[in-house]
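Participant: Supplied in structure tokens, the structure appears directly below.
In the working numbering, the protein residues as written are 2 to 270.
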């Protein structure tokens, strides 16, 4: 974002507020949804949605707001692709952001309360940092830990993009393929059902649809929640409901890599 390269505190605060507005729009846009309910006469595995399909799903996700697309994204065609491919990209993006936001929301609360693992953080015996908010925890961990996080997330993204039918070409939105023991020695826990539960394996289509709609709403709420935490920490009083609850963060939330992984980029300093 251009705001990463601004030097004045006023510009940084303005950028944070603008990002909150964009997050609000993203959370309410009916065209971005985790999965679409099965439609009569359509192949169940297809996700080539139309605007009409999105309007139907939006009404289920939020019967009050229903379909809300002020940026008209449901009719866009990104990078010269089709409208259906663009909708697939937008829906997959919301699912990913929502899931990350749910982790981030819980993680922020954990760090703000000083909760850490009981064992050392590093092989040298260095303990996990005791901080008052999550951004401080990121600043406090070693460079090697930052690289491990970035590389692991990159691996997950590459695995998702490379396996099965792509979500922009009719693949399932929000689906994360099982790990293949051919590529991962010893195999790995599958993310959707890591400890195989029979009740999940035999879940009906109606139950799956209900849970998927719930995930959409939980992800949207988590995105707003984590932005609220970050904004209040950066600019005290910007979120009145959190005033006095979220501790102030002295760093720059708009430039998380300014003093760590990429210190050689002048624009990030």
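All C-beta atoms, glycine included, are put in the ideal place defined by N, C-alpha and C. As the structure is a prediction and not an experimental result, all values here were calculated from the model.
(1) Under 7 angstroms between the Cβ atoms of residue 96 and residue 175?
(2) What number of angstroms, rounded off, separates the C-alpha of residue 125 from the C-alpha of residue 182?
(3) If contact is defined by three or more beta carbon pairs under 8 angstroms, each pair taking one atom from either stretch, is the segment 248-256 in contact with the segment 128-141?
(4) Between which two residues does the alpha helix (DSSP H) holding residue 184 run?
(5) Between the C-alpha atoms of residue 85 and residue 73, what's the straight-line distance to the nearest angstrom?
(6) Can you grab the Cα-Cα spacing for the pair residue 51 / residue 179, in whole Å?
(7) Determine, using beta carbons only, whether residue 177 and residue 190 come nearer to each other than 7 angstroms.
(8) Indicate whether residue 169 and residue 79 have their beta-carbon atoms separated by less than 7 angstroms.
(9) List the endpoints of the continuous alpha helix (DSSP H) containing residue 258.
(10) Looking at the unbroken alpha helix (DSSP H) that takes in residue 104, where does it start and where does it end?
(11) So for residue 166, helix, strand or coil by DSSP?
(12) For the alpha helix (DSSP H) holding residue 232, just list the boundary residues, first then last.
(13) Please name the residue in 144, 129, 104 and 241 whose C-alpha comes closest to that of residue 116.
(14) What number of angstroms, rounded off, separates the C-alpha of residue 112 from the C-alpha of residue 212?
(15) Counting beta carbon pairs with one atom in the segment 157-164 and one in the segment 56-75, are three or more of them shorter than 8 angstroms?
(16) Compute the beta-carbon to beta-carbon distance between residue 240 and residue 226, rounded to the nearest angstrom, for a pair I have assumed lies under 8 angstroms.
(17) To the nearest angstrom, how far is the alpha carbon of residue 173 from that of residue 167?
(18) With DSSP collapsed to three states, give me the class of residue 241.
(19) Decide if residue 123 is buried, meaning its Cβ has at least 16 other Cβ atoms within 10 Å, or exposed.
(20) Less than 7 angstroms separating the beta-carbons of residue 106 and residue 223?
(21) From residue 231 to residue 220, what does the alpha carbon distance come to, in whole angstroms?
(22) Assuming residue 88 contacts residue 55 under a Cβ cut-off of 8 angstroms, what Cβ separation, rounded to an integer in Å, is found between them?
Facilitator: For this structure:
(1) Stepping through the chain shown from its first residue, residue 96 is reached at position 95. Stepping through the chain shown from its first residue, residue 175 is reached at position 174. Taking 7 angstroms as the Cβ cut-off, residue 96 and residue 175 qualify as a contacting pair.
(2) Along the chain shown, one-based indexing puts residue 125 at 124. Along the chain shown, one-based indexing puts residue 182 at 181. Cα to Cα, residue 125 sits roughly 31 angstroms from residue 182.
(3) At 8 angstroms Cβ cutoff, the stretches touch.
(4) Counting from one through the chain shown, the residue named residue 184 turns up at place 183. Where residue 184 is concerned, there is no enclosing alpha helix (DSSP H), given that its DSSP letter is neither H nor E.
(5) The residue given as residue 85 occupies position 84 in the chain shown. The residue given as residue 73 occupies position 72 in the chain shown. Residue 73 has its alpha-carbon roughly 14 angstroms from the corresponding atom of residue 85.
(6) Looking up residue 51 in the chain shown gives position 50. Looking up residue 179 in the chain shown gives position 178. Annotation: residue 51 to residue 179 spans about 28 angstroms, alpha carbon to alpha carbon.
(7) Locating residue 177 in the chain shown gives position 176, where the first residue counts as 1. Locating residue 190 in the chain shown gives position 189, where the first residue counts as 1. With contacts defined by Cβ atoms closer than 7 angstroms, residue 177 and residue 190 do not form a contacting pair.
(8) Position 168 of the chain shown holds residue 169. Position 78 of the chain shown holds residue 79. Against a cut-off of 7 angstroms, the Cβ pair of residue 79 and residue 169 comes out as no contact.
(9) Here the question's residue 258 lines up with position 257 in the chain shown. If you look at residue 258, you'll find it isn't in any alpha helix (DSSP H); DSSP assigns it neither H nor E.
(10) On the chain shown, position 103 is the one that residue 104 refers to. It spans 84-113 - the alpha helix (DSSP H) in which residue 104 sits, taken as one unbroken run.
(11) In the chain shown, counting from the first residue as 1, residue 166 sits at position 165. Three-state DSSP puts residue 166 in coil, outside helix and strand.
(12) Taking the chain shown and counting its residues from 1, the one referred to as residue 232 is at position 231. Taken as a continuous stretch (DSSP letters only), the alpha helix (DSSP H) holding residue 232 covers 206-235.
(13) Counting from one through the chain shown, the residue named residue 116 turns up at place 115. Ranking 144, 129, 104 and 241 by Cα distance to residue 116 puts 129 first.
(14) In the chain shown, residue 112 corresponds to position 111, counting from 1. In the chain shown, residue 212 corresponds to position 211, counting from 1. Straight-line spacing of the CA atoms in residue 112 and residue 212 works out to 28 angstroms.
(15) Touching, no.
(16) Counted from its first residue, the chain shown places residue 240 at position 239. Counted from its first residue, the chain shown places residue 226 at position 225. That pair is no contact at about 10 angstroms.
(17) As a working note, residue 173 is residue 172 in the chain shown. As a working note, residue 167 is residue 166 in the chain shown. Here the C-alpha atom of residue 173 lies approximately 8 angstroms from the C-alpha atom of residue 167.
(18) The sequence position of residue 241 within the chain shown is 240, counting from 1. In the structure shown, residue 241 sits in a helix (DSSP, three-state: H, G or I).
(19) In the chain shown, counting from the first residue as 1, residue 123 sits at position 122. With fewer than 16 other Cβ atoms within 10 Å, it is exposed.
(20) The sequence position of residue 106 within the chain shown is 105, counting from 1. The sequence position of residue 223 within the chain shown is 222, counting from 1. Closer than 7 angstroms, so yes.
(21) For the purposes of this step, residue 231 is identified with residue 230 of the chain shown, where counting begins at 1. For the purposes of this step, residue 220 is identified with residue 219 of the chain shown, where counting begins at 1. In a straight line, the C-alpha of residue 231 is about 17 angstroms away from that of residue 220.
(22) Mapped onto the chain shown, residue 88 falls at position 87. Mapped onto the chain shown, residue 55 falls at position 54. Taking 8 angstroms as the upper bound for CB-CB distance, residue 88 and residue 55 are in contact here, some 7 angstroms apart.
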